[in-house]
Amino acid sequence: MSTANDATVYELVGGDQGVRQLVRFFYQEMDRQPSAKVIREMHPQSLDESEEKLYWFLSGWMGGPQLYWEKRGHPMLRARHLPFPIGRNEADLWIECFRLALKRHLDSQPAWASTLADTKAARAKLESELLQALQRVALHMMNQPAVANTTTPNISTSDKTVASGNDSALHKDAKTNSPKTTKE
Ligand code: HEM
Numbered sequence: 003m004s005t006a007n008d009a010t011v012y013e014l015v016g017g018d019q020g021v022r023q024l025v026r027f028f029y030q031e032m033d034r035q036p037s038a039k040v041i042r043e044m045h046p047q048s049l050d051e052s053e054e055k056l057y058w059f060l061s062g063w064m065g066g067p068q069l070y071w072e073k074r075g076h077p078m079l080r081a082r083h084l085p086f087p088i089g090r091n092e093a094d095l096w097i098e099c100f101r102l103a104l105k106r107h108l109d110s111q112p113a114w115a116s117t118l119a120d121t122k123a124a125r126a127k128l129e130s131e132l133l134q135a136l137q138r139v140a141l142h143m144m145n146q147p148a149v150a151n152t153t154t155p156n157i158s159t160s161d162k163t164v165a166s167g168n169d170s171a172l173h174k175d176a177k178t179n180s181p182k183t184t185k186e
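To convert, note that position 85 of the sequence shown is 87 in my numbering; the numbers rise steadily by one, no gaps.
Put into structure tokens, the structure is as follows:
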């Protein structure tokens, strides 16, 4: 159990129901954003299973129950993404869908989420730290050469986890380098 000053991201987004809602919003955004078509088309027609698997993964990665490990074992996320051509554009689109979903989720401020980041500063910190940590994972999924793209923000790719390009690094991320944030 964490103290108020040491809440996990899992707690800050509202625990089990919070992660579920966030993931549901994420795939809704992927489904409805015209710009996300290229990544939406990589997924099955029904997003139900994708939603379930991402919910399992994020639950543990955010500091909650390790549902993915219990149900499917080692995530091997990079290996599982190899069948899909993922370049910088695809990684950025994934993050953009998540950013929109997180905003909707935090805006919704459901009554059940007593631990949800509830001050402006705490919310900004949660959004920034969570998106940065997810971006490192998304960049690690890249399996296509970077192409110069002046329309996307130029975010550094020099992170060691990304540069290492192996699954043990992600394994470490998933188990120990989950995002940490504190309530203001
Ligand atoms: C970088 C852009 C990404 C693209 C284009 C992408 C695309 C995909 C696709 C097409 C699938 C297969 C659909 C399915 O199994 O239902 C998948 C599965 C999955 N993705 Fe991603 N993904 C990306 C990033 C991420 C990130 C950043 C995470 C985690 C934070 C993630 C977590 C997962 C998980 C847990 C699965 C299910 C793996 C399995 O058990 O089969 N993905 N992704």
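Cβ coordinates follow ideal geometry from the N, Cα and C atoms, glycine included. Only a predicted model underlies this, so the values are computations on that prediction, with no experimental measurement involved.
query	result
Entirely enclosed alpha helix (DSSP H) segments - the region 18-96, minimum 4 residues	39-42, 50-63, 69-74 and 79-83
Straight-line gap, L133 to F86 (C-alpha atoms, nearest Å)	22 Å
Own chain partners of Q137 with C-beta closer than 6 Å, once the 5 adjacent residues on each side are dropped	I97
Endpoints, the alpha helix (DSSP H) within which V15 is located	That residue, V15, is in no alpha helix (DSSP H); it is neither H nor E in DSSP.
Extent of the continuous alpha helix (DSSP H) run through Q146	Looking at the DSSP string, Q146 is not in any alpha helix (DSSP H), and its letter there is neither H nor E.
Proximity test, V139 beta-carbon vs the ligand HEM heavy atom, cut-off 6 Å	yes
Of the listed residues S110, F59 and V139, nearest to G16 (C-alpha basis)	S110
S180 vs W71 beta-carbon contact at 7 Å	no
Helix, strand or coil at Q111 [DSSP, three-state]	coil
Short Cβ contact (7 Å threshold) for L60 with V21	yes
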